[in-house]
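**Student:** Got a structure for you, written out below as structure tokens; questions coming shortly.
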Amino acid sequence: MKEVLRIATTGNVDDGKSTLIGRLLYETHSLPADKVEDLVRASKRRGFNSPDFSLLTDGLLAEREQGITIDVAHVYFQTTKRKFIVADTPGHEQYTRNMVTGASTSSVALILVDARNGSLLQTYRHFLISHILELSTVIVCINKMDLVGYDEKRYLQVVDSLSSFAQRLGFPSSRLVFLPLSASSGDNVTSLSRNTPWYKGKSLLELLETIEVPGAGDTLPFRFSVQLILRSKLPEYHDYRGYAGKIASGNIRVGDKVTILPSHITTTVSGIDVYGREIESAQAEEMVSIHLEKDLDLSRGDMIVNESQLPTVSRTVEARLCWLHERPAKVRSRYLLQHGVRRVYARIDTIRSVIHPESLEALQNAGTLSLNDIGDVSITTGIELFYDPYRRNKANGAFIIIDEATNDTVAVGFMSSTK
Amino acid sequence: MNYLKELESEAIYVIREVAAQFENAAILFSCGKDSITIAHLASKAFFPAAVPFPLVHIDTGHNFPEVLEFRDAFVKEIGVQLIVGSVQEAIDKGEITEQAGRYASRNMLQTHVLLKSIEQYGFDACIGGARRDEEKARAKERFFSVRNDFGQWDVKRQRPELFDMLNGKIHKGENVRVFPISNWTELDVWNYLKEERLAIPSIYYAHSRPTFLRDALIWPISDFVPLVTGETADVRQVRFRTVGDMSCSAAIESGASTIDQIIYEIENAQTSERGARIDDKWSEAAMELRKVQGYF
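From first to last, the protein sequence lines are chains A and B.
Take the first sequence: its position 358, counted from the start at 1, is 415 in the working numbering, and no numbers get skipped.
Take the second sequence: its position 261, counted from the start at 1, is 1006 in the working numbering, and no numbers get skipped.
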């Protein structure tokens, strides 16, 4: 079985993200002949002599009309070495929420920068979001090198500005890669280009085939949210009571001592099954049904955890929020907060600061968070949450905020360490 | 974790969220390989409890007879309720009008019957087997895709979907389309069918069939598509890569009669899965336009 690498393309609008994905698909022979024909036909209709690769993922009418990406397109391809799932996300500021959507399930961000313009506000914002999401690698593709005459000096200027930004951000240089590229003429995409003899690194594809794929959180403390309680009317399953869900982190074995939250009752795992097949142990990301020795009253959203390593159990949360909606955040009004499958009422008590995506300065006492703002907040919830800081445990440290008036998802939050 | 298991886990997680977040959900069931996969995943998701959703088949009346036969046997075996929404009935009642012309198809008429069934039964969520790798508009879908009270998809206002947290909250009258196998490719589905030893309708496998050529596609001979001058019926060795109506699914020439041969064929294919779907060839944005109107 091949490994799977999940990638998000990010960067400012018009910096060539969709074109790069199209180029990758084309050069890895991932496009069947009829899709290439469709592409050539659609390109000709728009007056282009060579194929416009962005048309491969910009599938919506409004996107083709404006030549921009509005929503995430998911693209799947493979080489002899790996499988890739690519989220082609929009660069347009208005659609930052869709960039966050695509990046939240990825482990690598490709940040594209137009070599002529260098880093823009959206470039910094996307880098900041990739950092907050704790993506394992950021690859900065300095694109459109053909339009600056493959000038190494220009390349190094852009590298410098983003290296110093990464440093200020605290993003480790060991997880940061730069490469010069031209998506439209194909330089350094799947093979090294003669136009950039001064570049001594790998081509983009080679990078993607060799960078480390982060593992699941097997070594973290055990966290399991009850998604459903399964019972059966079948006579042979008369006494069956399985707590079904996904293991967020850690591992579990029959006989393990566990604590149930919020009741804090301790019991023993008496059995584990996967869709009816009994197993002895299971680990992070697996879907299982857990059986407990004691006959307890558990509900959806309750959590089964390792007895000796409890998460924070609290009605207050310190978090970093990315606001994703046109309606700004209202302090002290009621929202729904969804942490995993647990949904509770919540109130933003204070917005402590708003972070400027380029200078990274924290503006104190901002009063509100508007669309695309990133800020640090204090939240109180109606009933307890069971969480870990996102930096320590991604699968148990993030939540979304839902506005009851519109039912829209208006923000994503990342739990900080409690003070 | 093995990649197919990863995809299976993701899909089952989504299906369980539907049971938890909605009151009256259904599985849209066309009897194609993708909806068979969905029904199978649902039976795993709730085991040993029963699947808490009925299957809904929007029946155009232009089905392959083999597929209807398969449907009835399948429903009986998994023991789930089947609801049929009939396009023919809606035409007979004068609610919709049959298309005219050489390319007349009932594909578009399904939308009306689908929306009517959703209203009649009050479904708040409909689970479908659409996949992002099928088509460029479908590549933009979320797991939970909210439709307004006209059944419309508003692509500019899709909810962000962060990590695995799904927000299925809706207002009365709205409903959600749910796509648990969004991240599966055609090949993933076939490998899964193989691994789980699932039965599928016989028309997916190579067989001899009377066909004719139109616009460089191989059309099946049926009562629903009359031949025009110059077109002749010929028996060919074919199979179908997707199961739609007899009036919108073209066949491909193939000798693949086992699942391994099909997998080999797809791995080496020069055309895409929906390359033989007549309904997608209507225009560059045929799928998006249908989805905006409320299509699957």
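Positions of the beta carbon are idealized from the N, C-alpha and C atoms, including for glycine.
Examine chain A for any beta-carbon lying closer than 8 Å to the beta-carbon of B/R904, and answer yes or no.
**Tutor:** True, the Cβ-Cβ gap to chain A drops below 8 Å.
**Student:** Hey, which unbroken runs of the alpha helix (DSSP H) at 4 residues or more fall wholly within the stretch 81-146 of chain A?
**Tutor:** Runs found: 90-102, 118-123.
**Student:** Quick one: list the residues of chain B neighbouring A/V469, beta-carbon separation under 9 Å, in chain order.
**Tutor:** In chain order: P905, L907, F908, M910.
**Student:** Between A/I457 and chain B, is any beta-carbon pair separated by less than 8 Å?
**Tutor:** It does; some Cβ of chain B falls within 8 Å.
**Student:** Between the C-alpha atoms of A/N429 and B/G1000, what's the straight-line distance to the nearest angstrom?
**Tutor:** If I take the Cα positions, the gap works out to 54 Å.
**Student:** In whole angstroms, give me the CA-to-CA distance for B/L958 and B/W964.
**Tutor:** For B/L958 and B/W964, the distance between alpha carbons rounds to 6 Å.
**Student:** Listing by chain order, which chain B residues have their CB less than 7 Å from the CB of A/S161?
**Tutor:** Going along chain B in sequence order, the residues near A/S161 (Cβ under 7 Å) are L907, F908.
**Student:** Are the Cβ atoms of A/S239 and A/K201 separated by less than 8 Å?
**Tutor:** Yes. Within cutoff.
**Student:** What are the residues that DSSP puts in a beta bridge with B/L786?
**Tutor:** Per DSSP, none; premise fails for B/L786.
**Student:** Please identify, using Cβ separations under 8 Å, the residues of the stretch 925-940 of chain B that lie next to chain A, in order along the chain.
**Tutor:** Taking 8 Å as the Cβ-Cβ cut-off against chain A, the residues of the stretch 925-940 of chain B that qualify are S927, N928, T930.
**Student:** Are the beta-carbon atoms of A/I440 and A/A423 separated by less than 8 Å?
**Tutor:** Contact: no.
**Student:** Any idea what DSSP makes of A/N174, helix, strand or coil?
**Tutor:** It is coil, neither helix nor strand.
**Student:** Can you list the residues of chain B that A/L291 reaches, using a CB-CB cut of under 7 Å?
**Tutor:** Going along chain B in sequence order, the residues near A/L291 (Cβ under 7 Å) are P793.
**Student:** Residues of the stretch 815-830 of chain B in Cβ contact with chain A at a cutoff of 9 Å, in chain order, please.
**Tutor:** Answer in chain order: no residues at all.
**Student:** Which word fits B/K917, buried or exposed, when buried means at least 16 other C-beta atoms lie within 10 angstroms of its C-beta?
**Tutor:** With fewer than 16 other Cβ atoms within 10 Å, it is exposed.
**Student:** Considering just the uninterrupted stretch of the beta strand (DSSP E) at B/H802, what are its terminal residues?
**Tutor:** Looking at the DSSP string, the run of the beta strand (DSSP E) that includes B/H802 is 800-804.
**Student:** Under 7 Å Cβ to Cβ from B/F868, same chain only, skipping five residues before and after it: list those, please.
**Tutor:** Counting only Cβ-Cβ distances below 7 Å, and skipping sequence neighbours, we find N769, A770, A771, N920.
**Student:** Put B/E822 into one of helix, strand or coil per three-state DSSP.
**Tutor:** Helix.
**Student:** For chain B, is any of its Cβ atoms less than 8 Å away from the one on A/D128?
**Tutor:** Answer yes: the Cβ-Cβ gap between A/D128 and chain B drops below 8 Å somewhere.
**Student:** Count the other C-beta atoms from every protein chain shown that fall within 10 angstroms of the C-beta of B/P925, then say buried if there are 16 or more, exposed otherwise.
**Tutor:** Its Cβ being crowded by 16 or more others within 10 Å, B/P925 is buried.
**Student:** Using a threshold of 8 Å, state whether the C-beta atoms of A/L192 and A/A144 are closer than that.
**Tutor:** Not closer than 8 Å, so no.
**Student:** Counting C-beta neighbours from all protein chains within 10 Å, is the total for A/T323 16 or more, i.e. buried, or is it exposed?
**Tutor:** Its Cβ having fewer than 16 others within 10 Å, A/T323 is exposed.
**Student:** Just the chain B side, please: which residues come within less than 8 Å of A/L381 by C-beta, in chain order?
**Tutor:** Near A/L381 (Cβ distances below 8 Å), the residues of chain B are P905.
**Student:** Applying a beta-carbon distance threshold of less than 8 Å, which residues of chain B neighbour A/N155?
**Tutor:** By Cβ distance, chain B contributes Q903, P905.
**Student:** At a CB distance below 8 Å, what residues from the stretch 129-143 of chain A approach chain B? Give them in sequence order.
**Tutor:** Those residues of the stretch 129-143 of chain A that come within reach of chain B (Cβ to Cβ, closer than 8 Å) are V129, A130, H131, V132, Y133, K140, I142.
**Student:** Can you name the residues of chain A whose CB is closer than 9 Å to the CB of B/Y748?
**Tutor:** In chain order: M58, K59, E60, V61, K140.
**Student:** So, does the CB of B/I945 fall closer than 8 Å to a CB anywhere in chain A?
**Tutor:** No, B/I945 lies away from the interface with chain A (no Cβ there is under 8 Å from its Cβ).
**Student:** Which term fits A/L178, buried or exposed, when burial requires 16 or more other beta carbons within 10 angstroms of its beta carbon?
**Tutor:** With fewer than 16 other Cβ atoms within 10 Å, it is exposed.
**Student:** Tell me which same chain residues have a C-beta within less than 7 Å of the C-beta of B/G891, skipping the five on either side of it?
**Tutor:** Correcting the residue identity first, residue 891 of chain B is Val in this sequence and not Gly. Cβ within range, chain order: R904, I915, E919, V921.
**Student:** Excluding sequence positions up to five away, which residues of its chain have a Cβ less than 8 Å from the Cβ of A/V331?
**Tutor:** If we look at A/V331 and ignore the five residues flanking it on each side, its Cβ neighbours are A339, E343, M344, V345, S346.
**Student:** Could you name each continuous beta strand (DSSP E) segment of 3 residues or more that falls completely within the stretch 817-875 of chain B, going from the start of the chain to the end?
**Tutor:** Segments of the beta strand (DSSP E) lying fully in the stretch 817-875 of chain B: 827-831, 870-872.
**Student:** Indicate whether B/H785 and B/L943 have their beta-carbon atoms separated by less than 8 Å.
**Tutor:** Yes; because the gap between Cβ atoms is below 8 Å, this pair is in contact.
**Student:** In chain A, what lies closer than 7 Å to B/I757 by C-beta?
**Tutor:** Result: M344.
**Student:** Rounded to whole angstroms, what is the Cα-Cα separation between A/S242 and B/G824?
**Tutor:** If you take the alpha carbons of A/S242 and B/G824, they lie about 56 Å apart.
**Student:** Suppose you measure from the CA of A/P271 to the CA of B/S862; what does that come to, to the nearest Å?
**Tutor:** Approximately 45 Å between the Cα atoms of the pair.
**Student:** Between which two residues does the beta strand (DSSP E) containing A/G470 stretch?
**Tutor:** It spans 466-472 - the beta strand (DSSP E) in which A/G470 sits, taken as one unbroken run.
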